[in-house]
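Comments concern the structure below.
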Amino acid sequence: MASVSLTNVVKNYGKIRIIDNVNLEINAREFIVLVGPSGCGKSTLLRMIAGLEEVSSGEIKIGNKDVTHMNAGERGVSMVFQSYALYPHMTVRENLAFGLKNIKTPKPEIATRIANAANILQLNNYLERLPQHLSGGQRQRVAIGRSIVSCANVLLFDEPLSNLDAALRIQMRQEIGKLHERLGKTTIYVTHDQTEAMTLADRIVILNQGKIEQVGTPEEVYNHPANIVVAGFIGAPKINLFNVVYEQAGRVTINGQSILIPHLAKTELPAGTTLTLGIRPEHFSLTHGAELCLKVKTELTEMHGDSTVALFHSAAHGALQMKVPYQLKLAAGEEVTIGTAYKHILVFDQQGQAIRGEAP
Numbered sequence: 001m002a003s004v005s006l007t008n009v010v011k012n013y014g015k016i017r018i019i020d021n022v023n024l025e026i027n028a029r030e031f032i033v034l035v036g037p038s039g040c041g042k043s044t045l046l047r048m049i050a051g052l053e054e055v056s057s058g059e060i061k062i063g064n065k066d067v068t069h070m071n072a073g074e075r076g077v078s079m080v081f082q083s084y085a086l087y088p089h090m091t092v093r094e095n096l097a098f099g100l101k102n103i104k105t106p107k108p109e110i111a112t113r114i115a116n117a118a119n120i121l122q123l124n125n126y127l128e129r130l131p132q133h134l135s136g137g138q139r140q141r142v143a144i145g146r147s148i149v150s151c152a153n154v155l156l157f158d159e160p161l162s163n164l165d166a167a168l169r170i171q172m173r174q175e176i177g178k179l180h181e182r183l184g185k186t187t188i189y190v191t192h193d194q195t196e197a198m199t200l201a202d203r204i205v206i207l208n209q210g211k212i213e214q215v216g217t218p219e220e221v222y223n224h225p226a227n228i229v230v231a232g233f234i235g236a237p238k239i240n241l242f243n244v245v246y247e248q249a250g251r252v253t254i255n256g257q258s259i260l261i262p263h264l265a266k267t268e269l270p271a272g273t274t275l276t277l278g279i280r281p282e283h284f285s286l287t288h289g290a291e292l293c294l295k296v297k298t299e300l301t302e303m304h305g306d307s308t309v310a311l312f313h314s315a316a317h318g319a320l321q322m323k324v325p326y327q328l329k330l331a332a333g334e335e336v337t338i339g340t341a342y343k344h345i346l347v348f349d350q351q352g353q354a355i356r357g358e359a360p
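Using UniProt numbering, read the sequence shown as starting at 1 and increasing by one per residue.
Set out below in structure tokens:
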């Protein structure tokens with residue numbers, strides 16, 4: 001298995017910069033997920049690693065080899081596309097064998113590799129079928145199978161599950177996770193789906209406007225987002241954000257009241273500074289006894305089976321959301337008090353960067 005190293009990587013389309021000086025070290029056998037809003041450059045970055053897009057400047061290494069200007073076929077990578085990219089006139093077996101035949105792999109070795117991939121992906125009963133006779137999940141398995149038979153050092157996935165229905169996405173996500181545990185190949189995976197990112201990744205790379213905002217484990221980017229961009233992108237429903245005024249000694253003004261936020265106590269900020277507080281919906285609950293309480297008016301409740309999302313309006317802070325792990329019914333217009341613990345409050349400065357502090 002191979003590591004992947006990106007150093008000062010830039011991609012320009014004319015005068016437009018798509019990838020802006022990206023630096024990233026990916027360890028051998030690591031599962032890295034690239035996420036970010038539409039147009040952030042995540043698929044472009046993946047295609048540059050694959051050799052399907054030229055690098056404007058910078059360096060890409062796979063293992064100890066500089067592959068920046070190598071052809072895609074020389075890089076030791078394989079790629080699974082969103083659209084499966086199967087040959088419709090070929091059987092599953094022929095699709096799996098096609099790339100190996102092109103590089104003149106001996107027939108016995110082709111047969112062995114196909115048998116191995118078919119066993120791993122449970123494709124033995126479908127090897128003689130055409131793609132048109134397969135379900136979406138089965139087609140995606142074949143696409144993944146082509147990566148397995150290639151024996152590539154690095155597997156690349158470009159939103160491979162986005163064409164599948166919800167149930168199949170869950171099944172295939174779990175299969176990809178088990179496949180990585182079994183093969184241990186270095187994997188770089190692009191998705192817009194946070195659940196895929198949080199459940200599959202060893203580390204998540206959050207991109208925005210061609211730049212890396214944060215690299216961290218799922219726990220790190222959820223609990224300790226580097227900035228408002230990351231906090232707003234990771235988590236569903238989206239994090240609640242609202243402005244407050246800093247007083248001194250860790251105190252801020254909320255709803256006209258002076259509230260102490262302990263982990264701000266050791267920060268040195270001028271009085272009157274505007275800060276942004278972030279509280280995730282799942283960290284709110286119905287309570288009168290929390291460290292921070294807000295009075296809100298109910299606008300809507302959404303029942304999700306095992307959980308409920310409630311949408312509120314606060315006169316001081318606008319729209320707020322709460323997610324609780326049980327079924328809850330609130331009438332529209334009903335006034336309630338929601339609260340959270342200080343430890344769940346994220347604080348961001350005027351530039352949107354996280355303020356990290358320790359409670360005294």
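Glycine is no exception: its CB is placed at the ideal position from the N, C-alpha and C atoms.
Task: residue 316 (DSSP reduced to helix, strand or coil) - done: Annotated three-state conformation of residue 316 is coil, per DSSP.
Open item on the list: Strictly by DSSP, which residues pair up with residue 268?
Closed with: Residue pairing for residue 268: DSSP places it in no beta bridge.
Open item on the list: Measuring straight from C-alpha to C-alpha, what distance separates residue 153 and residue 209?
Closed with: Taking the straight line joining both Cα atoms gives about 29 Å.
- [ ] State yes or no: is the C-beta of residue 90 within less than 7 Å of the C-beta of residue 140?
- [x] Between residue 90 and residue 140, the C-beta gap is not smaller than 7 Å, which leaves the two residues out of contact.
Task: Pair within 7 Å by beta-carbon distance, residue 87 and residue 95 - done: With a cutoff of 7 Å on beta-carbon distance, residue 87 and residue 95 are scored as near each other.
Task: Nearest to residue 341 (by Cα), restricted to the options 180, 288 and 79 - done: Among 180, 288 and 79, the Cα nearest to that of residue 341 belongs to 288.
- [ ] Let me know the secondary structure DSSP gives residue 229 once reduced to three states.
- [x] Reduced to three states, the DSSP call for residue 229 is helix.
- [ ] Just mark residue 51 as buried or exposed, buried being the case when its beta carbon has 16 or more other beta carbons within 10 Å.
- [x] Buried.
Task: Buried/exposed call for residue 119, threshold 16 Cβ in 10 Å - done: By the Cβ neighbour-count rule, residue 119 is exposed, with fewer than 16 other Cβ atoms within 10 Å of its own.
- [ ] Report yes or no: do three or more beta-carbon pairs, one from the region 215-231 and one from the region 348-355, lie closer than 8 Å?
- [x] Per the Cβ contact rule, the region 215-231 is in contact with the region 348-355 (3 or more Cβ pairs under 8 Å).
Task: Closest residue to residue 247 among 269, 236 and 241 (Cα-Cα distance) - done: Nearest C-alpha to residue 247: 269.
Open item on the list: DSSP three-state label for residue 348, please.
Closed with: Strand at residue 348.
Task: Host beta strand (DSSP E) of residue 187 (start-end) - done: Here the beta strand (DSSP E) through residue 187 covers 186-190.
Open item on the list: Considering Cα atoms alone, identify which of 294, 320 and 65 is closest to residue 309.
Closed with: Taking each of 294, 320 and 65 in turn and checking the Cα distance to residue 309, the smallest one comes out for 320.
Task: residue 11, buried or exposed, once every other Cβ within 10 Å from all chains shown has been counted against 16 - done: Counting Cβ neighbours within 10 Å, residue 11 comes out buried, since at least 16 surround it.
Open item on the list: For the structure I just gave you, are there three or more beta carbon pairs, one from the region 42-50 and one from the region 156-164, closer than 8 Å?
Closed with: The region 42-50 is in contact with the region 156-164.
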